[in-house]
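Going down the list, the protein sequences come from chains A and B.
Residues are numbered in this note's numbering as their position in the first sequence, beginning at 1, plus a constant of 78.
Residues are numbered in this note's numbering as their position in the second sequence, beginning at 1, plus a constant of 78.
Number of protein chains: 2
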Amino acid sequence: MLLLRRCLSLTRFGPLNTQRSQVAPTVCAAHLWSSSSSSDDQRSNQRTHGPSWRHGLAGLLAGTGAVLVYGLHKHKAEQADTNRLEAIEPTSSHPIFSQEEVTKHRSLEDGVWVTYKGGVYDITEFVAMHPGGNKILLAAGGPLEPFWALYAVHNQEHVLEILSEYKVGELSAEDLKKQQAVKSSDPYSSDPERHPVLRINSLKPFNAEPPAEILTDNYITPSALFFKRNHLPVPQVDPDSYRLCVEGLPGGALTLSLEDLKTKFPKHTITATLQCAGNRRAEMNKVKLVKGLNWGIAAISNASWSGAKLRDVLLAAGYEPDVAKWARHVQFEGLDKDVTGTTYGSSIPINKAVSEEGDVLLAYEMNGEALPADHGFPVRVVVPGTVGARNVKWLGKIVVSGEESNSHWQQNDYKGFSPGTDWDTVDFKSAPAVQELPIQSAITAPADGAMVDRSEEEVTVQGYAWSGGGREVVRVDVSVDLGKTWQVAQLRTSDKGQEREPSPPPGRAWAWKLWEVTVPIPPGAKELEIICKAVDNSYNVQPDTVAPIWNLRGVLSNAWHRVTVKVREDEDEE
Amino acid sequence: MLLLRRCLSLTRFGPLNTQRSQVAPTVCAAHLWSSSSSSDDQRSNQRTHGPSWRHGLAGLLAGTGAVLVYGLHKHKAEQADTNRLEAIEPTSSHPIFSQEEVTKHRSLEDGVWVTYKGGVYDITEFVAMHPGGNKILLAAGGPLEPFWALYAVHNQEHVLEILSEYKVGELSAEDLKKQQAVKSSDPYSSDPERHPVLRINSLKPFNAEPPAEILTDNYITPSALFFKRNHLPVPQVDPDSYRLCVEGLPGGALTLSLEDLKTKFPKHTITATLQCAGNRRAEMNKVKLVKGLNWGIAAISNASWSGAKLRDVLLAAGYEPDVAKWARHVQFEGLDKDVTGTTYGSSIPINKAVSEEGDVLLAYEMNGEALPADHGFPVRVVVPGTVGARNVKWLGKIVVSGEESNSHWQQNDYKGFSPGTDWDTVDFKSAPAVQELPIQSAITAPADGAMVDRSEEEVTVQGYAWSGGGREVVRVDVSVDLGKTWQVAQLRTSDKGQEREPSPPPGRAWAWKLWEVTVPIPPGAKELEIICKAVDNSYNVQPDTVAPIWNLRGVLSNAWHRVTVKVREDEDEE
Numbered sequence: 079m080l081l082l083r084r085c086l087s088l089t090r091f092g093p094l095n096t097q098r099s100q101v102a103p104t105v106c107a108a109h110l111w112s113s114s115s116s117s118d119d120q121r122s123n124q125r126t127h128g129p130s131w132r133h134g135l136a137g138l139l140a141g142t143g144a145v146l147v148y149g150l151h152k153h154k155a156e157q158a159d160t161n162r163l164e165a166i167e168p169t170s171s172h173p174i175f176s177q178e179e180v181t182k183h184r185s186l187e188d189g190v191w192v193t194y195k196g197g198v199y200d201i202t203e204f205v206a207m208h209p210g211g212n213k214i215l216l217a218a219g220g221p222l223e224p225f226w227a228l229y230a231v232h233n234q235e236h237v238l239e240i241l242s243e244y245k246v247g248e249l250s251a252e253d254l255k256k257q258q259a260v261k262s263s264d265p266y267s268s269d270p271e272r273h274p275v276l277r278i279n280s281l282k283p284f285n286a287e288p289p290a291e292i293l294t295d296n297y298i299t300p301s302a303l304f305f306k307r308n309h310l311p312v313p314q315v316d317p318d319s320y321r322l323c324v325e326g327l328p329g330g331a332l333t334l335s336l337e338d339l340k341t342k343f344p345k346h347t348i349t350a351t352l353q354c355a356g357n358r359r360a361e362m363n364k365v366k367l368v369k370g371l372n373w374g375i376a377a378i379s380n381a382s383w384s385g386a387k388l389r390d391v392l393l394a395a396g397y398e399p400d401v402a403k404w405a406r407h408v409q410f411e412g413l414d415k416d417v418t419g420t421t422y423g424s425s426i427p428i429n430k431a432v433s434e435e436g437d438v439l440l441a442y443e444m445n446g447e448a449l450p451a452d453h454g455f456p457v458r459v460v461v462p463g464t465v466g467a468r469n470v471k472w473l474g475k476i477v478v479s480g481e482e483s484n485s486h487w488q489q490n491d492y493k494g495f496s497p498g499t500d501w502d503t504v505d506f507k508s509a510p511a512v513q514e515l516p517i518q519s520a521i522t523a524p525a526d527g528a529m530v531d532r533s534e535e536e537v538t539v540q541g542y543a544w545s546g547g548g549r550e551v552v553r554v555d556v557s558v559d560l561g562k563t564w565q566v567a568q569l570r571t572s573d574k575g576q577e578r579e580p581s582p583p584p585g586r587a588w589a590w591k592l593w594e595v596t597v598p599i600p601p602g603a604k605e606l607e608i609i610c611k612a613v614d615n616s617y618n619v620q621p622d623t624v625a626p627i628w629n630l631r632g633v634l635s636n637a638w639h640r641v642t643v644k645v646r647e648d649e650d651e652e
Numbered sequence: 079m080l081l082l083r084r085c086l087s088l089t090r091f092g093p094l095n096t097q098r099s100q101v102a103p104t105v106c107a108a109h110l111w112s113s114s115s116s117s118d119d120q121r122s123n124q125r126t127h128g129p130s131w132r133h134g135l136a137g138l139l140a141g142t143g144a145v146l147v148y149g150l151h152k153h154k155a156e157q158a159d160t161n162r163l164e165a166i167e168p169t170s171s172h173p174i175f176s177q178e179e180v181t182k183h184r185s186l187e188d189g190v191w192v193t194y195k196g197g198v199y200d201i202t203e204f205v206a207m208h209p210g211g212n213k214i215l216l217a218a219g220g221p222l223e224p225f226w227a228l229y230a231v232h233n234q235e236h237v238l239e240i241l242s243e244y245k246v247g248e249l250s251a252e253d254l255k256k257q258q259a260v261k262s263s264d265p266y267s268s269d270p271e272r273h274p275v276l277r278i279n280s281l282k283p284f285n286a287e288p289p290a291e292i293l294t295d296n297y298i299t300p301s302a303l304f305f306k307r308n309h310l311p312v313p314q315v316d317p318d319s320y321r322l323c324v325e326g327l328p329g330g331a332l333t334l335s336l337e338d339l340k341t342k343f344p345k346h347t348i349t350a351t352l353q354c355a356g357n358r359r360a361e362m363n364k365v366k367l368v369k370g371l372n373w374g375i376a377a378i379s380n381a382s383w384s385g386a387k388l389r390d391v392l393l394a395a396g397y398e399p400d401v402a403k404w405a406r407h408v409q410f411e412g413l414d415k416d417v418t419g420t421t422y423g424s425s426i427p428i429n430k431a432v433s434e435e436g437d438v439l440l441a442y443e444m445n446g447e448a449l450p451a452d453h454g455f456p457v458r459v460v461v462p463g464t465v466g467a468r469n470v471k472w473l474g475k476i477v478v479s480g481e482e483s484n485s486h487w488q489q490n491d492y493k494g495f496s497p498g499t500d501w502d503t504v505d506f507k508s509a510p511a512v513q514e515l516p517i518q519s520a521i522t523a524p525a526d527g528a529m530v531d532r533s534e535e536e537v538t539v540q541g542y543a544w545s546g547g548g549r550e551v552v553r554v555d556v557s558v559d560l561g562k563t564w565q566v567a568q569l570r571t572s573d574k575g576q577e578r579e580p581s582p583p584p585g586r587a588w589a590w591k592l593w594e595v596t597v598p599i600p601p602g603a604k605e606l607e608i609i610c611k612a613v614d615n616s617y618n619v620q621p622d623t624v625a626p627i628w629n630l631r632g633v634l635s636n637a638w639h640r641v642t643v644k645v646r647e648d649e650d651e652e
């Protein structure tokens, strides 16, 4: 409880201080790094790579999620013939190449060359093995350093070992000197301070979840404890010069300041749970390793969000019934971007965006305060009932379109596949982008592996349950006999002792339910497996087991949740 | 194929002939039996029972679904002490009672007496055991005959045996004569002719499904083969005097003729799959017997429906935004009714009813022709994406209300419960009425128990998949190794060789998908279990097994579907 109070106070007084700095873009088209040194990086990068191929590959550029796969490769690297490690040693036998020569190798046809700390590497053969896919081609013909600064997962010894296998030469001293003159700073250096209790899945970009044992202590998750899921560095945006651009509607673009959003549109507040598509991925990893951050059960949190309704803003920007004849999607672009200038992006179906009942917000407040930097300051989209990935943070642009966002995260990530589909056979076009999420629940207490006392005779089980698409959770069943019999848990939609929130209208149950049930400790049991499963008001249920829903990206992990606790026998009756 | 052609021709020329007869009600309040003899029954019944208690019990009155439970009771009856059967034998030792005396026993306090063929029975103790619940009280103080005519499930020997145990006397000869003077006709005598291929689950009321092996031969199910789910006798409605009443909106009631519906509102056509909540109940019965018709996998069918949009009719009747402040539900009343005059009824949430995208129709055509009698002639509601029970047939009245329908079928039926909930502990108020149904799929070929030839080396598996709420089926996985590995099936939304229908807008995928996949026959296998499971575009999946979703009413049975086929070895290589 002391811990929780500390978290709450951090929410209140902590991160906001770090938000107001630097100059933000004032026009839609210029989403620059707010740190000038990073800007330098980006520009040099643009010069090196040129805009023509950059554009073509923009859609391939991915965030992270590669930590785990590097684990796999590390394994392979360790198993590889150690003789080959000799190739790491710098030898004078390597030929010298000019930057101009290196730059000629930017495709699978011409070969894919990169430089790293003065070495020249022909990684053509490695491209097919790259855990991040084709996006490695973005670095072709130039230095790896700016990319590895962005995707810090590369800064590991075994990655260097893999690279060393492909060394073909040295960069000329003159060109190396030029490269080094370009200041390479850490694009994550201005990321905000985070609460130390968070369990970090990846530091750069920052991805972390609260400890499961405190997740359901509050119906509303304190902002500092809310799970963080960043794909890129946190952009620093000046709220005074911030502009949101709305495009694609008759009458041209509409540009809105933060003040416009706050004063020209009614302020709406909703309580909505956000969940990462990768929540509970760790359970899929136990079946077979997948590509992605190893989330536990706490990549889900619940907050109150306030802002303008996207519907109202679209109407102000010229949305009218005729638009529905051609428009199908509303695309969002974040101000967070990678070294090539590609921003995070995604889209949602237009009917969700314009519906009165869709409740999509352009939120500028979280839990009654300005959005924290990690959650999209100054403005983010909140698409209740929809996977976290569509709730774009640091929102820079809205585009009404006939097409989905062509971003990597919409087209080639955040999709579900059959267990039999692997990276060799996957066709990302064959599956729809995840929007609404399926029914979910998990046990937050007792923790897996915890001890319970036989003398207590029973154990109180607690957890959360939520479903996408505004479908209300109507029941949670709990079993302590491997699913033979089930007890129905008590559900609540507020903190204990607080007044119950009124039931949401049908189809607009955006917030999770917390639940609790007391179950007997069966006589003789040394261990107790506790299982939970939830039901929503479309009577969707969770599948029994993980393996049949396993998928190569490890998303949509919503099988029955199971924890095993140990029963401590009474050794002393005194 | 010949069979199918026969079915189609029956659809075209068959049942319509039987629809145009008798006089239908011309005002909302007077939904009379269209058969005058039935009307007599009803009136005599009203006289006997009086209106005061009838009204109070109306909500308890149920349809059928009791066939199976009678099976259970039959079992009990057979196991009962056979000495008690002596009580069946008419003996002169029984006292004689007047009807007036019998009529005094109409409650648990005063005792519950009924008469049957001149016998007087005190069934007070049986009330709690009645499979149909308290509705048995409707018969209290009077003759059972009209109720048993309605619920033909009672016409079985073991039911008579149960009754005989409660005999307390004989009805006076004079009163028996009076009773017999009331012509007791079969309220089902004017039910339409049905196709003989249908597999009948209950004759009165008529409930039947097509053979699973022909269910997916057509993308559009021929009307004659479309599963039939009636709760009561089919009313005969004269289309010329038919009136639909719309109530509850500012400005008073609106009354519409069939001609009004056809000419005053735009005609819309949708293809929508309807599924009974009890589809695949037979699989639940294998886990533990439930109350309800023993549906196989074919209580689901797909048709094209044409009619006026409910939204348009509600707008014409005075629906405007202010109504949304208090209205929550739209109630439907059918013209089908029981002996007490209680009509079939249900309701849907108002947002589904008034939404442009809800596509709720007041349908007067099915598959391009007038609705067949069994499917609601002349007008039924089609609530796409919603459980069959809300798609009220023979629609007589629409009421916009703050409350759900208080009908038995809305309040005390068609709800889901935890496997641990039994008839002693069930609280129907604790669960929401089923509206949207969860993801579903089943294998229609090969049939369970079929033979496949080893020499073929592979087997083609076919089936259907559908999800409620307009959620589109995006994938069907099929396994022949108990779920260890899965193959992805080919989906289609039209008949083979026909042009593919365009993808529906998000949230409006009302029709099923048919699917097919060819799987290898594993070497050495003598039997092959084939499993299918589907995924919708909210990535909802089917649960692995039946037992954890078992519920006392046997609804919402959507676990993986499994069929076992036998592999015939090649005995002769010639």
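Glycine included, C-beta positions come from ideal geometry on N, C-alpha and C.
The model shown is predicted, which means the values in this text are computed figures rather than measured ones.
Query                                                                                                                              : Result
Neighbourhood of Y148(A) by C-beta, 7 Å cutoff - its chain only, sequence neighbours within 5 removed                              : Residue placement at Y148(A) is poorly supported in this model, since its pLDDT is 37, which falls under 50; the coordinates are not used for a value here.
Own chain residues within Cβ distance below 7 Å of V645(B), not counting five before or after                                      : V530, R532, I599, A603, K604, E605, L606
Per-residue contacts from W564(B) into chain A (C-beta, under 8 Å)                                                                 : S496, P497, G498, P626
Extent of the continuous beta strand (DSSP E) to which T421(B) belongs                                                             : 421-427
Proximity below 8 Å, CB of R549(B) to CB of S616(B)                                                                                : yes
Spatial neighbours of I174(B) in its chain, beta-carbon cut-off 7 Å, leaving aside the 5 residues before and after                 : G247, E248, S250
Interface flag, V461(A) vs chain B, CB-CB below 8 Å                                                                                : no
Test: Y617(A) CB closer than 8 Å to a CB of chain B                                                                                : yes
P288(B) versus F304(B) - alpha carbon distance                                                                                     : 7 Å
For V539(B) and I608(B), believed in contact at Cβ under 8 Å, the rounded distance                                                 : 6 Å
Chain B contact for N357(A) (CB, 8 Å cutoff)                                                                                       : no
Same chain, Cβ closer than 7 Å to G196(B), neighbours up to 5 away in sequence not counted                                         : E248, L249, L254
Residue range of the alpha helix (DSSP H) that includes A251(A)                                                                    : 251-259
Rounded C-alpha distance that separates Q488(B) from N618(A)                                                                       : 19 Å
Endpoints, alpha helix (DSSP H) assigned at V180(A)                                                                                : 177-181
Where G436(A) sits in the DSSP three-state scheme                                                                                  : helix
Exposure of M362(B), with buried meaning 16 or more beta-carbon neighbours within 10 Å                                             : buried
8 Å Cβ cutoff met for V633(B) and A355(B)                                                                                          : yes
CA nearest to the CA of V643(B), picked from G527(B), L186(B), D573(B), S267(B)                                                    : G527(B)
Sequence-distant residues of its chain with Cβ nearer than 6 Å to P516(B) (five each side left out)                                : N636
Which of helix, strand or coil DSSP assigns to P221(B)                                                                             : strand
Span separating the alpha-carbon of A511(B) from that of A441(B)                                                                   : 23 Å
Residue-level contact to chain B via CB, N469(A), 8 Å cutoff                                                                       : no
Bridge-paired residues (DSSP) for K295(A)                                                                                          : Before going on, a small fix: residue 295(A) reads as Asp here, not Lys. Partner(s): none; D295(A) has no beta bridge.
Contacts around L569(B), its chain only, beta-carbon distance under 7 Å, and the 5 residues preceding and following it disregarded : V551, V554, K591, W593
Endpoints, the beta strand (DSSP E) within which K644(A) is located                                                                : 639-646
Whether W544(A) touches I378(A) by CB criterion (8 Å)                                                                              : yes
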